[in-house]
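What follows is one structure encoded as structure tokens, with my remarks underneath.
Protein chains in written order, with our numbering: chain P, 408 to 867; chain Y, 22 to 470.
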């Protein structure tokens, strides 16, 4: 890692060049990925990422650079390059460091800071593989155990000097079933800010049953009809739509540019009154949880929308400077290769008061999106397109036949206003989120919700 | 020569591996530098300068593979990397087909002349360009109220490959790019479009086209609306055609064939498309920006005809898939410093056809400008895709109603047999890694009003 004297010298040099704020992000990440394919360990990848990112802020402008070399001269070289176009004769004085070491949210028992129990990990993946392959229609099963142990340091010109250790694990698993030339897939990916002990909470037979049932359902499904219709989106990963089509529009990264349709809507009704939404980095062990964000600020629970009214944005340091809103501990980045930006953590629509069966009963013809797939959104407008991995037609208030190839197409802001029912069954689900500061681990979530009208794409 | 230090480092790591008793190994070293500038409100809002290096080793012991990488080039880190690769190889499954055997008679070194000279462009010129892009796009029309993404970037990258048999390859290149976006609004409608330009030199960047495309498409999309549900003949823009094709390229991978996931696994030497379609991979196609002299196993790259007059001629192979299928590698091994051995094409080129522009656009055609949700709305295994689109209805070559809020649904493997006409002019994608004439697909399903 970086010694504090070098950090202080680099920060002082940045302030001497006229920067109003300088920070240094140091990262050392040890990673391991075990891949099981065709019932064999395909490979085990290990390695160490190491690098140092330097950011200088001049007024409202941020400049950033990074290097893998932790030597003072290299860091000063990068600093001078990034400050070249903005340096002034006005020297600032940085504060002396106040050193802090952060204690974790949960005790990590089997992180990568300890010798890796390869036999145990491989045995777990094999046990799911064996359970899945009991069904003759399963043609492929892929499983991955991914673990990371990240140590970070953050130094800044306001005197912050802190160190944090983060552990993360995810176990993505994919089943492919086939019937003749027809194939279907199902995916799950449990994860958390934990060590290998997370795997001990997963029952291989249960995961296998769920995956196989879902893949077989899709395999037998008819093409989905297309058109505008009411859609009931089930809990858990269904929250990906809120994340992509609304959450990103609440990040100051887009608000500060006025690229978000919500940029001037603070305090206004932006959703149906049954909708409240939260971004919470403090939930122990969740995939999107943190102790401190990547600017060294303690994370928090942020109420984004309360009873339909916009209550808060997600704010990082630069976003705060540009918009005037208080920081929310939301500065995140994939690695030292990215400057921090306002990003989501564990984001969800909060539980409501409706029952799932009442939602279904209220629909004469529509879609029940039981398991959502991935999607994308147009920045600024919130226009989205999401695949539904497992879907059923709702007819006359009852769940009917399974359909495949359904996509949900719409606008996040419009959908927020079209949510008429919110269930009690809040559930969270891990995922990856890509944006300006790279790919980060986030949790999405929601209870079951009913949207009165969405354009459904399908092949029928 | 500037690459000597990298070569020494690669063989230093191979020596460490040999001393550790490793039978086969190869090393990939990647180094790069880049600059990016983003303009907002007439000034540079964000800038980034990077300097990166990463080295990775693949070891094979008793037909078992171990992979490890490090971004620190300190000797202790390199020793740990070699030890980790050796240790993890013990737990890998036996792969009788993966072996490191590429032994070249001479080093392969590719440093184009243009890269040997230092980039003469000043930082100020680059700043001016980024700011001008934003200003120019905002000046086009009052309805364009914002340009959230306008900027410039350039970068230089070096790739090294070495193995225990003494094979050494090195390639260096440089690229420049500029992009701008137009966010337009009128009454209740809002639309955004982004355009980019890429070049081998700063002077090659075409700002005028960037500004014109971003602004004109965004403005026209303000009037876009759904079209009635039905079947339409469709022509994709080159970028969107590349996206659709790329999402299904796994079907042409011998690795996917071996694993049983390729749709074309039993189609070799059989017709999979109309007889007018010929598709080649041309790693050394000079106009391309994914130009490659060697693959990631150190094998010299060569052209490969994948589809010839509609007939599937070959899959993409690395040495492992080639051994499995008892044939020669096609030189399409892909592996990053941190990754495992895979297969990928380099620069795909679809042969020109003979349809003139007026023949291509005869009658009613839906021209697709943008597809949304590609990574979620496509199923590469089955070929089904269902995607939202933005586009324009064209009648006898004349553009009419702009289109949005509709979905296009089809099966990729079926539409290759539904090609009605192939244009006679080759067009490049905006990233210049893909080349194709315009292709008219008949009767695709569109869900709208």
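We treat Cβ as the ideally placed atom computed from N, Cα and C, and that holds for glycine.
Given 8 Å, three or more beta-carbon pairs between the region 784-799 of chain P and the region 36-47 of chain Y: Below 8 Å, too few C-beta pairs join the region 784-799 of chain P and the region 36-47 of chain Y to call them touching: fewer than three.
Collapsed DSSP secondary structure at residue 755 (chain P) in the structure displayed: strand
Burial state of residue 115 (chain Y), where buried means 16 or more other Cβ atoms lie within 10 Å: Classification for residue 115 (chain Y): exposed.
Minimum Cβ-Cβ distance from residue 100 (chain Y) to chain P less than 9 Å: no
CB contact below 9 Å: residue 116 (chain Y) versus chain P: yes
Residue range of the beta strand (DSSP E) that includes residue 300 (chain Y): The continuous beta strand (DSSP E) containing residue 300 (chain Y) extends over residues 300-302.
Residue 556 (chain P), enclosing beta strand (DSSP E) - first and last residue: 545-563
Inter-stretch contact at 8 Å, needing at least 3 Cβ pairs: the region 417-424 of chain P / the region 548-557 of chain P: no
9 Å Cβ cutoff, residue 546 (chain P) in contact with chain Y: yes
Contact with chain Y by residue 873 (chain P), beta-carbon distance below 9 Å: Residue 873 (chain P) cannot be examined here, being either before or after the span of chain P that is shown, 408 to 867.
Members of the region 513-542 of chain P near chain Y, C-beta cut-off 7 Å: Taking 7 Å as the Cβ-Cβ cut-off against chain Y, the residues of the region 513-542 of chain P that qualify are 525, 529.
First through last residue of the alpha helix (DSSP H) which encompasses residue 876 (chain P): Because chain P is modelled from 408 through 867, residue 876 (chain P) falls outside the range shown and cannot be assessed.
Chain Y contacts made by the region 454-473 of chain P, where a contact means CB separation under 7 Å: 454, 455, 456, 457, 458, 468, 469, 470, 471, 472, 473
Minimum Cβ-Cβ distance from residue 445 (chain P) to chain Y less than 9 Å: Output row for residue 445 (chain P): interface = yes.
CB contact flag (residue 320 (chain Y), residue 352 (chain Y), <9 Å): yes
The region 162-177 of chain Y: positions lying closer than 7 Å to chain P by Cβ: Those residues of the region 162-177 of chain Y that come within reach of chain P (Cβ to Cβ, closer than 7 Å) are 167, 169.
Beta bridge counterpart(s) of residue 471 (chain P) as assigned by DSSP: P:462, Y:69
Neighbour flag for residue 744 (chain P) against chain Y, beta carbons, 9 Å: yes
Buried versus exposed, by CB contacts within 10 Å (16 or more), residue 143 (chain Y): Around the beta carbon of residue 143 (chain Y), fewer than 16 other beta carbons sit within 10 angstroms, so the residue counts as exposed.
is_contact[residue 730 (chain P), chain Y] using C-beta, thresh 9 Å: Not closer than 9 Å to any Cβ of chain Y, the Cβ of residue 730 (chain P) fails to qualify, so no.
Residue 458 (chain Y) burial status per 10 Å Cβ neighbour count (16 or more: buried): buried
Residue 96 (chain Y) burial status per 10 Å Cβ neighbour count (16 or more: buried): exposed
Identity of the residue in P:747, P:703, P:730, P:417 nearest residue 509 (chain P) by Cα: It is P:703.
Supposed contact pair residue 683 (chain P) and residue 757 (chain P) - C-beta distance, whole angstroms, cut 8 Å: 4 Å
Buried or exposed (CB count within 10 angstroms, at least 16 for buried), residue 841 (chain P): exposed
Residue 452 (chain P) Cβ short of 8 Å to the ligand HEM heavy atom set: Looking at this structure, you won't find the ligand HEM or any other ligand, since it has none at all.
Contact list for the region 587-602 of chain P against chain Y, Cβ threshold 9 Å: 588, 589, 590, 591, 592
CA-to-CA distance, residue 657 (chain P) to residue 854 (chain P), given in whole angstroms: 20 Å
Where the beta strand (DSSP E) containing residue 467 (chain Y) begins and where it ends: 460-468
Where residue 402 (chain Y) meets chain C, residues with beta-carbon distance less than 7 Å: Judged by its chain identifiers, the structure shown contains no chain C, and its protein chains are P and Y.
Residue nearest to residue 484 (chain P) in terms of C-alpha spacing, selected from P:692, P:418, P:678, P:601: Minimum Cα distance to residue 484 (chain P) is reached at P:418.
Helix, strand or coil at residue 650 (chain P) [DSSP, three-state]: helix
The region 331-351 of chain Y contacting the region 384-395 of chain Y, beta-carbon criterion three pairs below 8 Å: A contact between stretches requires three or more CB pairs, one per stretch, nearer than 8 Å, and the region 331-351 of chain Y fails this requirement with the region 384-395 of chain Y.
Beta-carbon spacing of residue 797 (chain P), residue 660 (chain P) below 9 Å: no
The region 700-717 of chain P touching the region 729-738 of chain P, judged by at least three CB pairs closer than 8 Å: Touching, yes.
Where the beta strand (DSSP E) containing residue 819 (chain P) begins and where it ends: Note, residue 819 (chain P): premise wrong, no beta strand (DSSP E); alpha helix (DSSP H) at 819-825.
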